[in-house]
Amino acid sequence: PPKDVLLFIHGGSWNSGKKSTYNFFGNRLARKNIVAVIIDYPKSPAANYDEMGTDAALAVKWVKENIGRYGGDPQKIFISGHSAGGHLAALICTDDTYFNKLKMQQPVKGIVLIDAAGLDMYGYLQSENFGSGNTYLQTFTTDPATWKQASPLYHLHPGLPPILIYRGGKTYPSIEVSNEKFITALHGLGYKTPYHILKGKKHVAMITQFLNSYNPRYKEVIEFMRQTK
1137 PPKDVLLFIH GGSWNSGKKS TYNFFGNRLA RKNIVAVIID YPKSPAANYD EMGTDAALAV
1197 KWVKENIGRY GGDPQKIFIS GHSAGGHLAA LICTDDTYFN KLKMQQPVKG IVLIDAAGLD
1257 MYGYLQSENF GSGNTYLQTF TTDPATWKQA SPLYHLHPGL PPILIYRGGK TYPSIEVSNE
1317 KFITALHGLG YKTPYHILKG KKHVAMITQF LNSYNPRYKE VIEFMRQTK
């Protein structure tokens, strides 16, 4: 039978990182009978967040249309991301314009956020008051209305795919604050979203933990995928 599919979007502050660094993740998932898709996307300052999101949505479209050739089930596509990649994963699944533009019904069956950044970019950028050359402003513009548009927190609505959230107990304060807002908003909408705070884990360790094939997160993520119809 065709296998569940996990598309992963890497982090790097929206301005760095490459998919090949995460070959280990795809490799471990494949050994665990998951079809893994590790993607690249354009980076800031050459691209803004909206172009990155559009690119990620196009990757999902490609998976939907082609993953059968790789033994994957196009009806069981899950999306995951770490850090900035978590932001992009959450954004394209909560702001319906991304898949609407591609004339697609919501193709994603579930979302796994791994220490996601930028869930409330609006709140963060308002509090920080960065100068004009700042890399985040290159990604998100200097316009507060755009910051809000770019923040998954403000796109939460009924009927979303199930979400599984991991946060590092020792992550950056901004990631802690925005994840807390995000989970509170989800619970407020009636979602029973699981929220795992991993004791003592810093931001980068939240993804490098997956180097260990026996890390219990694998079992949890795969179980989350299996039980999502």
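Add 1136 to a position in the sequence shown, counting from 1, and you land on the number used in our numbering.
Note that CB positions come from ideal geometry on N, CA and C, so glycine has one too.
Secondary structure of Tyr1350 (DSSP, three-state): coil. Around Val1196, the same chain offers Pro1243 as residues with beta carbons nearer than 6 Å, after the five sequence neighbours per side are excluded. Per DSSP, the unbroken beta strand (DSSP E) holding Leu1142 starts and ends at Lys1139 to Ile1145. As the crow flies, the alpha-carbon of Ile1343 is around 33 Å from that of Lys1239.
Between Gly1254 and Gly1305 the beta-carbon gap is near 20 Å, outside 8 Å, which marks them as no contact. Look at Phe1235 here: in three-state DSSP terms it is helix. In the three-state reduction of the DSSP assignment, Tyr1177 falls in the coil class. Here DSSP, grouped into helix, strand and coil, assigns Gly1269 to coil. In the three-state reduction of the DSSP assignment, Pro1298 falls in the coil class, being assigned neither a helical nor a strand state. Judged by DSSP in its simplified three-state form, Gln1274 adopts helix. Three or more beta-carbon pairs drawn from the region 1174-1192 and the region 1268-1277 are found closer than 8 Å, and the two stretches are therefore classed as touching. Between the C-alpha atoms of Leu1224 and Pro1288 there is a straight-line separation of about 9 Å.
Rounded to the nearest angstrom, the gap between the Cα atoms of His1323 and Thr1329 is 7 Å. Cβ-Cβ distances below 7 Å link Gly1208 to Pro1138, Lys1139, Val1141 and Val1171 in the same chain, with the five nearest sequence neighbours on each side left out; the list follows chain order.
Contact annotation: Tyr1258 and Phe1266 have beta-carbon atoms that are not nearer than 9 Å. Within the same chain, Cβ atoms closer than 6 Å to the Cβ of Ile1215 are found at Leu1143, Ala1225, Val1244 and Ile1247, the five residues on either side in sequence being excluded. With respect to the C-alpha of Tyr1302, the residue from Trp1198, Ser1268, Phe1360 and Gly1162 having the closest C-alpha is Phe1360.
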